Amino acid sequence: MQSWTQLYRSLATRSHHLPCKLHGAAALSVRTYADKAAIDADVTVVGSGPGGYVAAIKAAQLGFKTVCVEKNPTLGGTCLNVGCIPSKALLNNSYLYHMAHGKDFASRGIEISGISLNLEKMMAQKSGAVKALTGGIAHLFKQNKVTHVNGFGMVTGKNQVTATAEDGSKQVINTKNILIATGSEVTPFPGIQIDEDSIVSSTGALSLKKVPEEMIVIGAGVIGVELGSVWQRLGSKVTAVEFLGHVGGLGIDMEMSKNFQRILQKQGLKFKLSTKVMGATKRPDGKIDVAVEAAAGGKNETLTCDVLLVCIGRRPFTKDLGLDSVGIELDNRGRVPVNGRFQTSVPSIYAIGDVVAGPMLAHKAEDEGIICVEGMAGGAVHIDYNCVPSVIYTHPEVAWVGKTEEQLKEEGVPYKVGKFPFAANSRAKTNADTDGMVKILSHKETDRMLGAHIVGSGAGEMINEAALAMEYGASCEDVARVCHAHPTVSEAFREANLAASFGKAINF
């Protein structure tokens, strides 16, 4: 055992001070009881969202001694805790309730009486899924020998990260490489204070205690239409106010957006497009007045709701990370500039996911995380952002990959269009679920697939065939000549490729 003399001598080498003198001796420079011994690592990942945790696991699999720092009590970041995963649970369950409660089941000969919503139980199922998946990451960390450090990670040197836990204790990690994967946060709306009770962000909208009579959604992008759909299905009157002239956010093909909007309106969602929100006021009776006017300027209008959902997008979470202390400057949108290997201006510090340029998508962050650490190990670093798919998980789903028709026109690329409606697809017909279509864009001269756009049930699964085809540089004829099982909805994808390549589908 260490003698008191040795202990005092070791304490004297530390930088912190004791709050009082020890038995009359002069105050010594010591390490407080709450701090831990420094850790040495090859790779330290700051953030455990989809990009961070996947990068950490891959780094460990490549033989790096890996540490992952996470400020929240659970792993998984926004996506697993208050984003992709809980929203999909509510989207699925609200759709089942909508089918049973509306006319859908009855039209199929399934007659049920006394249907009621147990919102608390629905929320519990969502929470159970989240708990299982976040716990799964902790298990994967153990399995792959990734060291998990809980605390707010801050860059304190070109080769050092300091994690500060909630109790104030600090863990220093000396590391050869640092990977910033801190994701994004909700973009606040100027002048509207979110309380996550009646004025909510996407986080609060996932945990409302009751179904609001009326809900106004600021923003009809991906998050707005998804969460708006959830509460509309559960009985709320939902109006989405959107500054742009279309629904579905940036990147969506305009023809598909119009189709999608028409279907959502048929379901009961209301839209006020090309409209800006001027402000929101809480009334004494608890309701909220929302002032809106035409985006181009015009007459003011006041809308009233019980719950106001603000979802105008997300912004990179780069605040207080200590990047400026090592000379890393952010761009004008708060993102971390990186090179083709995801290195910042400091070669030992890398960044991926929502904190760098590109679409804020979990799967994009995962891919970047993997190829970034492969690059650290000396591997090739390549990603084709044109082959990163996007999905809106409403019903029907909307999915796309590659170029839109508008982009091809703007770029002056000669192209052909192939379309196939699900109304002409045998499986969609037997499922009585025929809304939507597949639209394929190919190069007029080479037949190479340039873009795929789907509105329909299962679009989020089907789009991966398009992503694979595009990644391999397939022509539409290549896809058209691949045998697809019958009857399946994915036959519509083949038929649209037939139409693009040969000018005509078989079944339409």
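Quick note, this note's numbering runs 263 ahead of the 1-based positions in the sequence shown.
Just so you know, even glycine gets a beta-carbon here, dropped at the ideal spot from N, CA and C.
Since this is a predicted model, take the numbers as computed values, not measurements.
Practice task
Determine the contact status of T232 and D552, defining contact as a CB-CB distance below 8 angstroms.
Solution key: There is simply no residue 232 to check, as the chain begins at 264 and stops at 771 in what is shown.
Handout entry: C772 - containing beta strand (DSSP E), residue span
Key = An answer regarding residue 772 cannot be provided, because it is not within the stretch 264 to 771 covered by the chain.
Practice task
Tell me whether N727 sits in a helix, a strand or coil according to DSSP, three-state version.
Solution key: Three-state result, N727: helix.
Exercise for the section: Please classify V745: does DSSP put it in a helix, a strand, or coil? Expected result: Look at V745 here: in three-state DSSP terms it is coil, with no helix or strand label.
Problem - Backbone CA spacing between F344 and P336 [nearest angstrom] - result: Checking the displayed sequence, the identity of residue 344 turns out to be Asn instead of Phe. A straight-line Cα-Cα distance of about 10 angstroms links N344 and P336.
Handout entry: For Y613: DSSP bridge partner residues
Key = Answer is L442 and Q606.
Practice task
Could you say if the region 500-511 and the region 525-543 meet the contact criterion of at least three C-beta pairs nearer than 8 angstroms?
Solution key: Yes, since at least three Cβ pairs between the region 500-511 and the region 525-543 fall closer than 8 angstroms, the two stretches touch.
Exercise for the section: Find the nearest neighbour of D647 within the set A640, G638 and V664, judged by alpha-carbon distance. Expected result: D647 has its Cα closest to that of V664, out of A640, G638 and V664.
Practice task
Determine which residues share a DSSP beta bridge with P684 and list them.
Solution key: According to DSSP, P684 bridges with M700.
Practice task
Pick helix, strand or coil for I400, following the three-state DSSP scheme.
Solution key: In the structure shown, I400 sits in a helix (DSSP, three-state: H, G or I).
Problem - Beta carbon of G585 nearer than 8 angstroms to that of M417 - result: Yes. Within cutoff.
Exercise for the section: Using alpha carbons as the reference points, say which of D458, T466, R496 and A759 lies closest to E476. Expected result: Considering only alpha carbons, the answer is R496.
Exercise for the section: Leaving aside the five residues before and after S611 along the sequence, list all residues of the same chain whose C-beta is less than 6 angstroms from its C-beta, in chain order. Expected result: Answer for S611: K421, N422 and N440, listed in chain order.
Practice task
Please determine, among A468, G431 and D303, the residue with the shortest C-alpha to C-alpha distance to N413.
Solution key: Nearest to N413 by alpha-carbon distance, out of A468, G431 and D303, is G431.
Problem - Helix, strand or coil at G467 [DSSP, three-state] - result: DSSP places G467 in helix when its eight states are reduced to three.
Problem - L353 vs V493 beta-carbon contact at 8 angstroms - result: Yes, the pair counts as a contact, with Cβ atoms nearer than the cut-off.
Practice task
Taking V393 and I348 to be in contact with their CB atoms under 8 angstroms, please state how far apart those CB atoms are, rounded to whole angstroms.
Solution key: With a Cβ gap of about 6 angstroms, V393 and I348 count as contacting.
Practice task
Per DSSP, which residues does T307 bridge with? Please list them.
Solution key: V330 and I441, per the DSSP bridge assignment.
Handout entry: Integer Cβ distance of P659 from A722, believed to fall under 8 angstroms
Key = The Cβ separation is near 7 angstroms, so the contact holds.
Problem - One or two residues paired with D533 in a DSSP bridge - result: First, the amino acid is wrong: residue 533 is Lys here, not Asp. Within the DSSP secondary-structure output, K533 pairs in a beta bridge with T502.
Exercise for the section: Between the Cα of A628 and those of D458, V306, A318 and A301, spot the shortest distance and give me the residue it belongs to. Expected result: If you compare the alpha carbons of D458, V306, A318 and A301 with that of A628, the shortest gap goes to A318.
Exercise for the section: Kindly indicate which three-state DSSP category L566 falls into: helix, strand or coil? Expected result: DSSP places L566 in strand when its eight states are reduced to three.
Handout entry: Which listed residue (N694, I726 and T697) has its alpha carbon closest to that of I703
Key = Answer by Cα proximity: I726.
Problem - Continuous alpha helix (DSSP H) stretch holding I486: start and end - result: From DSSP, the alpha helix (DSSP H) with I486 extends over V485 to R496.
Practice task
Alpha carbon to alpha carbon, how far is V742 from V680? Give it in angstroms, no decimals.
Solution key: So the alpha carbons of these two residues sit roughly 15 angstroms apart.
Practice task
For Y360, count neighbouring C-beta atoms within 10 Å of its own C-beta (all shown protein chains included) and say buried if the count is 16 or more, exposed if not.
Solution key: If you draw a 10 Å sphere on the C-beta of Y360, you find 16 or more other C-beta atoms in it, and that means buried.
Practice task
Take the Cβ of T565 as the centre, count every other Cβ of all protein chains shown within 10 Å, and call the residue buried at 16 or more, exposed below.
Solution key: T565 should be labelled exposed.
Practice task
Give a yes or no on whether the minimum CB-CB distance between L593 and chain C is below 8 angstroms.
Solution key: Among the protein chains of the structure shown there is no chain C, as only one such chain exists.
Problem - Coarse secondary structure for D548, derived from DSSP in three states - result: Under the three-state reduction of DSSP, D548 is assigned to coil, being neither helix nor strand.
Exercise for the section: Report yes if the CB atom of G220 is closer than 8 angstroms to the CB atom of I400, and no otherwise. Expected result: Absent from the structure is residue 220, since the part of the chain shown begins at 264 and ends at 771.
Handout entry: Environment of D617 [buried if 16+ CB atoms lie within 10 Å]
Key = So D617 counts as buried.
Problem - the region 630-645 touching the region 704-721, judged by at least three CB pairs closer than 8 angstroms - result: Too few Cβ pairs lie closer than 8 angstroms, so no.
Exercise for the section: Please report the residue range of the beta strand (DSSP E) in which A318 lies. Expected result: Premise fails: A318 lies in the alpha helix (DSSP H), P313 to Q324, not in any beta strand (DSSP E).
Practice task
Please work out which residues of its chain come closer than 7 angstroms, Cβ to Cβ, to E448, disregarding the five sequence neighbours upstream and downstream, and give them in chain order.
Solution key: Within the same chain, Cβ atoms closer than 7 angstroms to the Cβ of E448 are found at R577, R578 and F580, the five residues on either side in sequence being excluded.
Problem - 8 angstroms Cβ cutoff met for G314 and I615 - result: Result yes, Cβ atoms of G314 and I615 sit closer than 8 angstroms.
Exercise for the section: Starting from V601, trace the beta strand (DSSP E) both ways and give me its first and last residue. Expected result: Annotation for V601: no beta strand (DSSP E) segment contains it, and DSSP assigns it neither H nor E.
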